[in-house]
Amino acid sequence: MTDTKSERRPRRDPSGRLATIGDLIGTALAGLVTGAVLLLILEAILSLTHVSEFGDTSGWLAIILPVWLFVEEFRAEGFGASRVVVALLGAGFAVAGGMTVAGLAASQFPTLVSGLVGAAGFTVVYCLVWFYGLRWLNDRAG
143 MTDTKSERRP RRDPSGRLAT IGDLIGTALA GLVTGAVLLL ILEAILSLTH VSEFGDTSGW
203 LAIILPVWLF VEEFRAEGFG ASRVVVALLG AGFAVAGGMT VAGLAASQFP TLVSGLVGAA
263 GFTVVYCLVW FYGLRWLNDR AG
């Protein structure tokens with residue numbers, strides 16, 4: 143048998159933050175997919191027990207795991223004004239982007255699908271603003 147070197151995924155830097163944009167987006171989207179699957183199971187149970195119709199639950203509930211990841215990234219960054227500024231800007235742009243995409247999808251799809259689309263838009267926008275904004279501000283501030 144040959145020895146193979148396995149690299150830990152996702153990669154983290156010495157402070158505990160995710161090291162690359164691919165790792166951040168991949169981990170966040172994996173959490174979003176996990177939340178979506180759990181939400182679909184909940185939706186199926188509610189539908190089978192005649193509590194509600196399938197598709198009535200908000201798809202935004204799937205964002206719980208990505209938000210948890212973002213909180214852990216915020217904590218791993220350490221103290222400083224740059225993390226607060228970037229987190230606030232990221233949240234603002236992410237909410238605007240997610241709500242825009244969800245609003246566009248709401249006219250064609252049920253609440254579940256439009257919420258999932260909005261949650262995906264939120265996740266991707268926040269990842270981009272957090273990763274690149276934080277590194278840009280850290281480079282500028284020294």
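Note that the working numbering has the sequence shown beginning at 143, numbered continuously upward. Every residue gets a Cβ at the ideal spot worked out from N, C-alpha and C, and that includes glycine.
Using the Cα positions of Gly-158 and Leu-254, report the straight-line distance between them to the nearest angstrom.
-> On the sequence shown, position 16 is the one that residue 158 refers to. On the sequence shown, position 112 is the one that residue 254 refers to. Looking at the two C-alpha atoms, the distance is approximately 34 angstroms.
Within 10 angstroms of its Cβ, does Trp-202 collect 16 or more other Cβ (buried), or is it exposed?
-> Locating residue 202 in the sequence shown gives position 60, counting from the first residue. Buried, because 16 or more other Cβ atoms sit within 10 Å of the Cβ of Trp-202.
With a cut-off of 8 angstroms, do at least 3 Cβ pairs link the segment 165-180 to the segment 257-265?
-> Yes, the segment 165-180 is in contact with the segment 257-265.
Straight-line gap, Leu-110 to Ala-204 (C-alpha atoms, nearest Å) | In the structure displayed, the chain extends from 143 to 284; residue 110 sits before or after that span and is not available.
Residues near Phe-235 in its chain [Cβ-Cβ closer than 6 angstroms; skip 5 each side] | Against the sequence shown, residue 235 aligns to sequence position 93. Apart from the 5 residues on each side of it in sequence, Phe-235 sits with its Cβ closer than 6 angstroms to the Cβ of Val-267, Val-271 in its chain, given in chain order.
Three-state class that DSSP yields for Arg-282 in the structure shown | On the sequence shown, position 140 is the one that residue 282 refers to. Note: Arg-282 maps to helix in three-state DSSP.
Mind checking whether Ala-170 and Leu-231 have CB atoms under 7 angstroms apart?
-> Within the sequence shown, numbered from 1, the residue matching residue 170 stands at position 28. Within the sequence shown, numbered from 1, the residue matching residue 231 stands at position 89. No, Cβ-Cβ distance for Ala-170 and Leu-231 is not below 7 angstroms.
Can you tell me which of the three DSSP states Met-143 falls into?
-> Position 1 of the sequence shown, counted from the start, is the residue given in the question as residue 143. Model confidence at Met-143 stands at a pLDDT of 47, short of 50, so the residue's coordinates are unreliable; what they give is reported in the following sentence. Correct three-state label for Met-143: coil.
Taking Tyr-274 as the reference, which of Pro-152, Ile-167, Arg-151, Arg-153 has the closest Cα?
-> Along the sequence shown, one-based indexing puts residue 274 at 132. Among Pro-152, Ile-167, Arg-151, Arg-153, the Cα nearest to that of Tyr-274 is on Ile-167.
Buried or exposed: Met-143, going by 16 or more other Cβ atoms within 10 Å of its Cβ?
-> Position 1 of the sequence shown holds residue 143. Legend: pLDDT at Met-143 = 47, less than 50; position of this residue unreliable, no value from coordinates given.
Can Leu-279 and Ser-224 be called in contact, C-beta distance under 7 angstroms?
-> Within the sequence shown, the letter at position 137 stands for residue 279. Within the sequence shown, the letter at position 82 stands for residue 224. Cβ atoms of Leu-279 and Ser-224: closer than 7 angstroms.
If you count every other CB in all the chains shown that lies within 10 Å of the CB of Val-226, and 16 or more means buried, which is it?
-> Residue numbering aside, residue 226 sits at position 84 when the sequence shown is read from its first letter. Under this definition Val-226 is an exposed residue.
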